[in-house]
Structures are given as C-alpha cells and as structure tokens.
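Residues 1 to 134 in full-length UniProt numbering are what the sequence shown spells out, letter by letter.
We treat Cβ as the ideally placed atom computed from N, Cα and C, and that holds for glycine.
Bear in mind the structure is a predicted one, so any value in this text is a computation, not a measurement.
Below: the structure, in structure tokens.
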Amino acid sequence: MKLFKEQETKRARIELIPMIDTMFFLLVFFIFVTLSMVHQKGLNVKLPNSSQGSAVKLHNFVVTLKEDGSVFLNKERTSLQSLPALLKQKVTNKKDLIIINGDKKIYLKRVIKTIDIIKKDGFLRVSIAVNPVK
C-alpha cells in the first residue's frame, strides 16, 4: 500500500533553438562590427582597376582628386597649393601612408603632380588607390 504518490522527476534538457538563435545573433553582430571597422576617410570616386593592388591596413591619410578638379584631404576640401601645409598640420609622422584616390577619368599628369608635391615635403609613403580586378 502506497501512502505517498511518487513525483516524477523531469530530466533537465538543453534547449537548442534559443542557443542557435543566440549564436546567429552574435555572428551577425560581429559581422557588422567588422564591416564598420573597415573605413576609408576619402570621398567616393570611381577608382581604376589593378590586379596588383592590395588592401591597406595602416593608419593613412587620403588625398582625393575628383574629375571636376577639386582636391580633398580626408573629406576636407583644399587646393594643390595648400595641400602641403594641410598635410604638415594633419600628419604627425612622415612615415604615415598617404593614399591618392584619383578618379579614373582624370589625367595622369594631375596624379603625378600631386605625388611630386607630397614627396617634395618629405612624406615618404605615397600610394595610389585602385580597385582589384575580379
């Protein structure tokens, strides 16, 4: 004769669906954080293509040469004549990389002139931005 009713003990379960939801949320979060870390300071121009280009991972300054003749340093409008003074003011280390974003429709002469102006003031690292060929 049983006086007390035995209680059934439930076994602990690991719920997989909420855990999978959490993992997907973390994955999406880290993807967005990673994408937001890749940020270039220049303006949008149509870059020429190159099979030899590589991604830049250092702290850099972007000089943008637009088709209409305007010149920008990290989205700040300037002129070719005042570019060296602005670079001296902004760039603290002469070894910092200066990237030239030249619209693909501008003449090479403008790009070379810009490189000459930058190098004449002692900046050692100048690079031209291109899109990789796919």
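Separation of residue j from residue i, as counted between CA atoms
i: K104; j: V71; result: 14 Å
i: G69; j: R77; result: 11 Å
i: L124; j: V28; result: 39 Å
i: Y107; j: K66; result: 11 Å
i: N60; j: F30; result: 24 Å
i: L73; j: Q89; result: 11 Å
For residue i, the first and last residue of its enclosing alpha helix (DSSP H)
i: V111; result: 108-120
Per-residue DSSP class, three states only, for residue i
i: F72; result: strand
i: P48; result: coil
i: T34; result: helix
i: V91; result: coil
i: I128; result: strand
i: K123; result: For clarity, residue 123 is Phe in the given sequence; the question names Lys instead. Coil.
i: residue 158; result: Since the first residue of the chain shown is 1 and the last is 134, residue 158 is not available in this structure.
Buried versus exposed call for residue i [16 or more other C-beta atoms within 10 Å across all chains shown]
i: T64; result: buried
i: F24; result: exposed
i: I14; result: exposed
i: N101; result: buried
i: V62; result: buried
i: V91; result: buried
i: K57; result: Any reading at K57 must be qualified, since the residue scores a pLDDT of 49, below 50, and its modelled position is unreliable; no value is offered.
Bounding residues of the beta strand (DSSP E) (the contiguous stretch that carries residue i)
i: R13; result: Premise fails: R13 is in no beta strand (DSSP E) and is neither H nor E.
Other residues of its chain near residue i: CB distance less than 8 Å, five sequence neighbours each side excluded
i: P84; result: I117, I118, K120, D121
i: S79; result: V71
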